[in-house]
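**Student:**
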Amino acid sequence: MVSPHSLELLHDLPALRGLSPAQRRWLEPLFVERHLEQGEVLYREGDPSEAVYVLATGSIDFLVGERPLARLGPRELFGEQSVLSNAPRGATALAARDATVLVLPAAAFHRLMTDRPDLYGRLLGIISDRATGIAKSE
């Protein structure tokens, strides 16, 4: 079950803008809300990629080994690169502070990308922008 606040966030998420009411109704029940306490690990580097996430509240740190890679804040989509490539997680994701994430199973994500190729294109743009930002910060 997803809170009304989280549903509103989903509707405003840049990667998902433009969904029809029917597509939103199909997508909404597929998300599950998960709460993380500060320091709690969402997934570890090398874990299988079983879901895509939207950060509703809080912040998430990404580490490769012990090295900090990035920090994401609310309204950020993450985990999609590993799911798209069917690769293990490339980094560990942990709550930098208490956080709420919306979890979308990989199968539902793949179906959404197949049904909405325009969303797939937007998603590739987000991935590219994120990679550029990480490269500039190194």
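With positions in the sequence shown counted from 1, the corresponding number in the numbering used here is that position plus 724. Glycine included, each C-beta is placed from N, C-alpha and C at the ideal position.
Between D822, M837, A775, A819, which has its C-alpha nearest V807's C-alpha?
**Tutor:** The shortest Cα separation from V807 among D822, M837, A775, A819 belongs to A775.
**Student:** According to DSSP, is F833 part of a helix, a strand, or is it coil?
**Tutor:** Three-state DSSP puts F833 in a helix.
**Student:** Tell me which residues share the same chain as A823 and place their Cβ nearer than 7 Å to its Cβ, disregarding the 5 neighbours each side in the sequence.
**Tutor:** So the list reads L760, L779, T781, G782, S783, I784, once near-sequence residues are dropped.
**Student:** Leaving out five residues on either side along the sequence, give the residues of the same chain with a beta carbon under 8 Å from the beta carbon of F755.
**Tutor:** V726, S730, L734, V778, L826, V827, L828, listed in sequence order.
**Student:** With H, G and I counted as helix, E and B as strand and the rest as coil, what does DSSP make of V778?
**Tutor:** If DSSP states are grouped into helix, strand and coil, V778 belongs with the strands.
**Student:** What does a CB cutoff of less than 6 Å around P798 pick up in its chain, not counting 5 residues either side in sequence?
**Tutor:** For P798, where only same-chain residues beyond five positions count, the Cβ hits under 6 Å are L779, T781.
**Student:** P728: which of Q747, E757, L743 sits nearest, CA to CA?
**Tutor:** When only C-alpha atoms are compared, the closest one is E757.
**Student:** Within 10 Å of its beta-carbon, does G770 have 16 or more other beta-carbons around it, so buried, or fewer, so exposed?
**Tutor:** Exposed, by the Cβ-count rule.
**Student:** From the DSSP output, which residues share a beta bridge with S806?
**Tutor:** Its beta-bridge partners do not exist; DSSP assigns none.
**Student:** Looking only at C-alpha atoms, which of S773, A831, M837, L743 sits nearest to N810?
**Tutor:** For the residues S773, A831, M837, L743, the minimum Cα distance to N810 belongs to S773.
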